[in-house]
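2 protein chains.
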Amino acid sequence: MELLKQRIRQDGEVFGPDVLKVDRFLNHQLDIALLQEIGKEFARRFSDCGVNKILTIEASGIGIAAITAQYFHCPVLFAKKSQSKNIAGEVFSTKVQSFTHGKLYDVIVSKKFLSPADRVLILDDFLANGAALDGLIDLVQQSGATLTGAGIVIEKAFQPGGDRIRARGVRVESLARIAAMDPNSGVTFL
Amino acid sequence: MELLKQRIRQDGEVFGPDVLKVDRFLNHQLDIALLQEIGKEFARRFSDCGVNKILTIEASGIGIAAITAQYFHCPVLFAKKSQSKNIAGEVFSTKVQSFTHGKLYDVIVSKKFLSPADRVLILDDFLANGAALDGLIDLVQQSGATLTGAGIVIEKAFQPGGDRIRARGVRVESLARIAAMDPNSGVTFL
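Note that the protein sequences, when read in sequence, are chains A and B.
Using this note's numbering, the letters of the first sequence map in sequence onto residues 5 to 194.
Using this note's numbering, the letters of the second sequence map in sequence onto residues 5 to 194.
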């Protein structure tokens with residue numbers, strides 16, 4: 005998606021070999037007009053899938069998922085990173101290692117909101133090692149829902165998550181795939 | 005907002021005297037069509053304010069803020085509940101006591117994204133004791149931005165936050181104000 009790549013080149017900041025900050029437009033401040041274009045592109049790519057629910061994970065996936073869901077005319081379900089007392093009753097639960105925070109999280113969704121009748125599209129901002137996406141796939145599989153695929157805004161294709169999860173047979177569509185990055189030369193896309 | 009009150013009556017679940025679960029449509033699963041109507045109502049109420057940035061707090065404010073920002077044609081900034089290594093540099097910081105989780109959080113936004121040029125509308129899903137809203141107001145004031153007001157989806161008006169913050173001179177617009185609630189008789193609106 006050329007508009008997104010241009011924006012990453014313009015406003016992304018590279019720190020070291022593997023940290024890309026996109027907090028000007030994607031995961032702290034949100035450029036809503038850009039998210040609308042991202043949403044339309046996901047809708048185009050997954051138009052043939054009968055998606056009736058979008059699943060993401062708090063926090064930075066939520067804005068992307070909410071805007072995108074408008075083009076699928078379906079609800080969003082966001083997985084939560086720890087059990088709070090406002091989630092009563094039964095949940096599907098999995099464990100996810102956070103690259104950003106260096107912690108192991110419990111990630112949960114209420115069983116009320118995922119069932120074998122659902123055709124689920126997973127959305128997230130980043131795919132790198134694939135830990136969060138593994139967790140979300142696990143939640144879908146526990147529920148018996150159909151996984152139609154995963155839409156990723158930015159894939160660090162030099163890290164193993166994308167290839168590994170595609171090799172499992174999951175359709176992964178990434179709007180910008182980064183081949184390499186460096187604080188001096190910037191970002192190189194596949 | 006009558007559509008919202010109807011939905012709370014239909015799908016909200018009351019636990020004890022002060023816990024209202026709205027996870028079917030507002031803060032776990034998100035009904036995007038309802039969020040669009042909520043966004044339009046906030047845009048109507050704050051149409052005269054020159055809002056150029058919407059500020060919310062992760063996680064459950066993000067979907068509301070992202071959808072609503074479309075009607076203001078402005079970006080969203082979401083405050084983060086703890087410092088992660090992907091937020092480098094200078095931040096405005098405040099402390100917030102979470103009612104839901106029983107914890108004291110550091111809540112931060114990057115100084116890059118709030119300045120005296122900004123006219124900020126704060127949005128959040130709930131207002132009860134007002135701790136989160138106090139924190140967001142503090143961040144706006146630290147930045148020198150103009151606070152145009154706060155838009156709240158559900159105010160527990162039997163708790164003191166709303167009255168206290170209005171008494172500080174902040175314009176608070178709540179789309180559903182709950183006078184009382186009870187597991188047997190349900191929710192009574194003001």
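Don't be surprised by glycine CBs; every beta carbon is placed ideally from N, CA and C.
- G67 (chain A) belongs to the set of residues whose beta carbon lies under 9 Å from a beta carbon in chain B.
- Looking at the DSSP output, D110 (chain B) sits in a beta bridge with B:K99.
- Residue range A135 to S147 is occupied by the alpha helix (DSSP H) that includes S147 (chain A).
- Under a 10 Å Cβ-count criterion, T72 (chain B) is classified as buried, with 16 or more other Cβ atoms of the shown protein chains found around its own Cβ.
- Any Cβ of chain A closer than 9 Å to the Cβ of K116 (chain B) would place that residue at the interface, and such an atom is present.
- With distances taken between CA atoms, R172 (chain B) lies nearest to B:L151 out of B:A180, B:N188, B:L151 and B:D128.
- Any Cβ of chain A closer than 9 Å to the Cβ of A180 (chain B) would place that residue at the interface, and such an atom is absent.
- The Cβ-Cβ distance between F82 (chain A) and A136 (chain B) does not fall below 9 Å.
- Annotated three-state conformation of G155 (chain B) is strand, per DSSP.
- In the three-state reduction of the DSSP assignment, Q163 (chain A) falls in the coil class.
- Contact annotation: L131 (chain A) and L59 (chain A) have beta-carbon atoms that are not nearer than 9 Å.
- Linking R13 (chain A) to G190 (chain A) through their CA atoms gives a straight-line distance of about 7 Å.
- Non-local C-beta neighbours of G67 (chain A) in its own chain, meaning closer than 7 Å and more than five positions away in sequence, comprise L34 and L39, ordered along the chain.
- Boundaries of the alpha helix (DSSP H) around G43 (chain B): I36 to R49.
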